[in-house]
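Trainee: Residue numbers (the working numbering), protein chains in the order written: chain A, 2 to 110; chain B, 27 to 211.
Glycine included, each C-beta is placed from N, C-alpha and C at the ideal position.
Got a structure here, written out as C-alpha cells. Questions coming.
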C-alpha cells in the first residue's frame, strides 16, 4: 500500500506535464505539417492521448477518481469522432479520389 | 521505478515523431500503436489499471484497427503525398515548438501543487472508477450512448453510396408519379 504511493510520487508532476506537452506539440505540428487527412486524424488522436495522460497523472497524484472518469469520456468521444472522421474520409476519397486536405479547401464559403 | 517512466516517455516521444515523419500511412499507424502501448504503460505506472485496459482495448484494438482497415480498403498506402511548401512546413514546426516553449516557460518554476493530505490507494481501480461513473457522472455516461448512436447514424449516412440517395433526394418525383397515375386513371 505504501509502495503504490511511493511509486506514484517517485516521478514529479512536472515531468508528466512536460511529457504530455511534448506529445501535444508533436501532434499539433503534425496536424499543421502533413497533408494526408488520415495522418492528420492520427495526430488528433495523439493530442487526445497526451491530454488523457495529463488528466490521469493529476488524478493519480491527487487521488481523485473524477479525472479518470473524464479520461474515460474523452476516449468515448474520440471513438465517435474517429468513426465519423473516417466515414468523411471514405466519402472524400470516393468523390474527389484523393485524401489531400487541400482538396477540401473548396468547402470555404 | 522512475526509470520505467523515462523509458516509456522516450518510447512514446520517439514513436510520436515517427507518426508525423513516416512516409507511408501504415508505418504511421504502427508507430501510433507503439505510442499508445507506451501510454498504457504510463497508466499502469500511475496505478490506473482500469484506464490502461480500456485504453488498450479501445485505442489499440478498435480505433487503430479501424485506421488500418480504411487505409487498406482505400489502398492509401502509397507514399506519394504532395508536400506542403517549405514556408508552411517551417511555420508548422515553429508553431509546435513555440507552443512547447511557452508551456515549458510557464511551468519552469514548478506548478506549485499542494500535496494532498491523504492518499486513496484504490483510485485507479475498477471499483473506484465505476463508483464515480455510476453515481456522480451517471447523466453524462447515459448521454454518451446518445452520442454514440448519433455517431453510428452519421457514419452510416456518410458512408453510403451516393447513387442510393439520389432517388430519395428528388422530392418532386413522387408528385410527378402521382400526377401520372391520375392521368392514367
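Anything in chain A within Cβ reach of residue 110/B, meaning under 9 Å, just list it in chain order.
Mentor: 33, 34, 35, 36, 103
Trainee: Residue 35/A: buried (16+ other C-beta within 10 angstroms of its C-beta) or exposed?
Mentor: buried
Trainee: Whose C-alpha, out of 102/A, 88/A, 107/A, 81/A, is nearest the C-alpha of residue 177/B?
Mentor: 81/A
Trainee: Using a C-beta to C-beta distance shorter than 8 Å, which residues of chain A count as neighbours of residue 75/B?
Mentor: Within chain A, no residue comes near residue 75/B; the closest Cβ sits about 10 Å away, beyond 8 Å.
Trainee: Excluding the five sequence neighbours on either side, which residues of its own chain have a C-beta within less than 7 Å of the C-beta of residue 29/A, listed in chain order?
Mentor: 48
Trainee: Go ahead and label residue 68/B buried or exposed: buried means 16 or more other beta carbons lie within 10 angstroms of its beta carbon, across all protein chains shown.
Mentor: buried
Trainee: What residue from 182/B, 41/B, 141/B, 184/B has the CA that sits closest to residue 14/A's CA?
Mentor: 141/B
Trainee: DSSP three-state label for residue 103/B, please.
Mentor: Secondary structure of residue 103/B (DSSP, three-state): coil.
Trainee: Is it buried or exposed for residue 90/A, if we count other Cβ within 10 angstroms and need 16 for buried?
Mentor: buried
Trainee: To be precise: take each residue of the segment 134-150 of chain B, compare its Cβ to all Cβ atoms of chain E, and keep it if any distance is under 8 Å. Which residues remain?
Mentor: Note that chain E does not occur in the displayed structure, where the protein chains are A and B.
Trainee: In chain B, which residues lie with their C-beta within 8 Å of the C-beta of residue 92/A?
Mentor: Residues of chain B whose Cβ lies closer than 8 Å to the Cβ of residue 92/A are, in chain order, 184, 185.
Trainee: With respect to the alpha helix (DSSP H) encompassing residue 88/B, which residues constitute its N-terminal and C-terminal limits?
Mentor: Element bounds for residue 88/B: n/a, residue is neither H nor E.
Trainee: By how many angstroms is the C-alpha of residue 86/B removed from the C-alpha of residue 62/B?
Mentor: 7 Å
Trainee: Starting from the beta carbon of residue 85/A, find every residue of chain B whose beta carbon is closer than 8 Å, and list them in chain order.
Mentor: 177, 180, 181, 184
Trainee: Would residue 11/A count as contacting chain B if we go by Cβ distances under 8 Å?
Mentor: yes
Trainee: Is the Cβ of residue 98/B closer than 8 Å to any Cβ of chain A?
Mentor: No - not a single Cβ of chain A is within 8 Å of the one on residue 98/B.
Trainee: Roughly how many angstroms lie between the CA atoms of residue 76/B and residue 158/B, to the nearest whole one?
Mentor: So the alpha carbons of these two residues sit roughly 13 Å apart.
Trainee: If we ignore side chains and look at the alpha-carbon of each, how far apart do residue 91/B and residue 145/B end up?
Mentor: 38 Å
Trainee: I need the DSSP call for residue 1/A, collapsed to helix, strand or coil.
Mentor: Within the shown structure, residues of chain A are numbered from 2 to 110, placing residue 1/A beyond reach of any answer.
Trainee: From residue 112/B to residue 52/A, what does the alpha carbon distance come to, in whole angstroms?
Mentor: 30 Å
Trainee: Could you check whether the segment 92-106 of chain B touches the segment 49-57 of chain B, counting it as contact only if at least three pairs of C-beta atoms, one from each stretch, sit closer than 8 Å?
Mentor: Taking 8 Å as the limit for Cβ pairs, the verdict is that the segment 49-57 of chain B does touch the segment 92-106 of chain B.
Trainee: Any C-beta of chain A within less than 9 Å: which residues of the segment 41-55 of chain B qualify?
Mentor: 42, 43, 45, 46, 47, 48, 51, 54, 55
Trainee: From the beta carbon of residue 43/A, is the nearest beta carbon of chain B less than 8 Å away?
Mentor: yes
Trainee: So if I threshold CB-CB distances at 8 Å, which residues from the segment 49-61 of chain A count as touching chain B?
Mentor: 50, 53, 54, 57, 58, 60, 61
Trainee: Tell me residue 96/A's beta-bridge partners as DSSP assigns them.
Mentor: Answer by DSSP bridge pairing: none, since residue 96/A is not bridged.
Trainee: Using a threshold of 8 Å, state whether the C-beta atoms of residue 80/B and residue 22/A are closer than that.
Mentor: no
Trainee: Between the C-alpha atoms of residue 7/A and residue 56/A, what's the straight-line distance to the nearest angstrom?
Mentor: 19 Å
Trainee: State the Cα-Cα distance for the pair residue 9/A and residue 126/B, rounded to the nearest angstrom.
Mentor: 25 Å
Trainee: With 16 as the cutoff for other CB atoms within 10 Å, does residue 160/B come out buried or exposed?
Mentor: exposed
Trainee: Residue 6/A versus chain B: which residues are under 8 Å apart at the beta carbon?
Mentor: At a beta-carbon threshold of 8 Å, the residues of chain B lying near residue 6/A are 145, 147, ordered along the chain.
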